[in-house]
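Residues in the sequence shown are numbered from 122 upward in steps of one, following the working numbering. Where a beta carbon is used, it is the ideal one built from N, C-alpha and C, also for glycine. Let me begin by presenting the structure, written as structure tokens, before commenting on it.
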Amino acid sequence: MVAVITGGASGMGRSTAMLFAREGAKVVVGDVDDAEGARLADEAKAAGLAIVFQHTDVSQEDQVAALVARAEKDHGRLDTIFNNAGIEQPVTPSEDVTEALFERVIDINLKGTFFGCKHAIPALLRNGGGTIVNNSSVSAFANVGGNLSYAASKGGIMSMTRVIAIEYATRNIRCNAINPGVIDTGMNRRNLEKAADPDALEQKWRSITPLGRMGTGDEIGEAVLFLASKQSSFVTGIGLVIDGGRIAT
Ligand SMILES: NC(=O)c1ccc[n+]([C@@H]2O[C@H](COP(=O)([O-])OP(=O)(O)OC[C@H]3O[C@@H](n4cnc5c(N)ncnc54)[C@H](O)[C@@H]3O)[C@@H](O)[C@H]2O)c1
Numbered sequence: 122m123v124a125v126i127t128g129g130a131s132g133m134g135r136s137t138a139m140l141f142a143r144e145g146a147k148v149v150v151g152d153v154d155d156a157e158g159a160r161l162a163d164e165a166k167a168a169g170l171a172i173v174f175q176h177t178d179v180s181q182e183d184q185v186a187a188l189v190a191r192a193e194k195d196h197g198r199l200d201t202i203f204n205n206a207g208i209e210q211p212v213t214p215s216e217d218v219t220e221a222l223f224e225r226v227i228d229i230n231l232k233g234t235f236f237g238c239k240h241a242i243p244a245l246l247r248n249g250g251g252t253i254v255n256n257s258s259v260s261a262f263a264n265v266g267g268n269l270s271y272a273a274s275k276g277g278i279m280s281m282t283r284v285i286a287i288e289y290a291t292r293n294i295r296c297n298a299i300n301p302g303v304i305d306t307g308m309n310r311r312n313l314e315k316a317a318d319p320d321a322l323e324q325k326w327r328s329i330t331p332l333g334r335m336g337t338g339d340e341i342g343e344a345v346l347f348l349a350s351k352q353s354s355f356v357t358g359i360g361l362v363i364d365g366g367r368i369a370t
């Protein structure tokens, strides 16, 4: 399997890249964090895993196009893309969200996913088909407030996922999303650092999650692998909720 993973230098993208590579995939990772991207590529090389890194800002269409082109150039095809890059919105009362903040979150999370889908589709068609996995969030369905632009971006990703699933179903492209709950990554470590009372916030996350803990990047990677591979051959247009039971409550 030849895979492109955006935002793969850290967090769940990194876990997914390592898991895919351990399963034998050739992985092309794009991220804005060059230091972490290089560290990932070095670690993979030392372990004999096929992961290369290419600087990519997903809000820039030419850079996303170049990332997909790299996979085809290096490996002759593309089988799957995990549109994972995303940023949080600092907790902000909705009436105080500036246009600049809204646009930044939408540009990276929603427009970045659009560019990933747009440029992967022709490559997947040239390959005779393949899969797209988009990283949405439980925020598309369930929220705690103060994250207007983030939730809007993740709801948009769910809609985009369904459109692509329907449009390309007969051309052998399946498109699904994942909806992670609270996962232990850099994003949530930053959220904790910014919180007035980090202990209370961590306790709140546990209390809204029936399994009573944060999920791990590896647990997300396993779900992405399922949706990217033929194990999920009759699955398209869904959002797979991976949230320790949160939205069941
Ligand atoms: N952590 C959670 O609880 C949680 C829950 C639901 C969904 N998500 C989603 O998971 C995805 C991954 O986040 P994470 O939790 O692993 O956080 P993370 O911060 O560890 O990873 C995000 C990665 O995206 C990269 N990135 C940021 N802006 C970028 C850009 N413009 N172009 C390319 N790469 C960029 C970062 O450098 C980083 O490596 C995001 O889309 C996030 O919204 C996270």
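- Taken through DSSP and simplified to helix, strand or coil, residue 203 comes out as strand.
- Boundaries of the alpha helix (DSSP H) harbouring residue 167: 155 to 167, taken from the DSSP string.
- Here residue 306 is buried, its C-beta having at least 16 other C-beta atoms within 10 Å.
- Beta-carbon to beta-carbon, residue 141 and residue 179 are separated by about 18 Å, too far to satisfy the 8 Å threshold.
- Here residue 324 has no same chain residue with a Cβ atom under 6 Å from its own Cβ, once five neighbours each way along the sequence are excluded.
- The C-alpha of residue 351 is placed about 45 Å away from the C-alpha of residue 317.
- For residue 200, the CB contacts under 6 Å within the same chain, skipping 5 residues up- and downstream, are 122, 123 and 251 in chain order.
- Pairing residue 221 with residue 169, the inter-Cα distance amounts to about 43 Å.
- Using a C-beta cut-off of 8 Å, the stretch 336 to 352 makes no contact with the stretch 271 to 279, since fewer than three inter-stretch Cβ pairs fall below that distance.
- Residue 314 and residue 211 have their C-alpha atoms some 11 Å from each other.
- If you check the C-beta of residue 137 against ligand 1, you find no heavy atom less than 7 Å away.
- Distance from the CA atom of residue 370 to the CA atom of residue 294, rounded to whole angstroms, is 33 Å.
- Contact between residue 226 and residue 280 is ruled out by a C-beta separation of about 16 Å, above the 8 Å threshold.
- Annotated three-state conformation of residue 316 is coil, per DSSP.
- Under the 10 Å beta carbon count, residue 301 is surrounded by 16 or more other beta carbons and is classified as buried.
- Residue pairing by DSSP places residue 152 opposite 176 in a beta bridge.
- Looking from the CA of residue 272, the closest CA among 177, 218 and 134 belongs to 218.
- Here residue 253 really is in contact with residue 285; their C-beta atoms are around 6 Å apart, less than 8 Å.
- For residue 361, the enclosing beta strand (DSSP E) begins and ends at 360 to 363.
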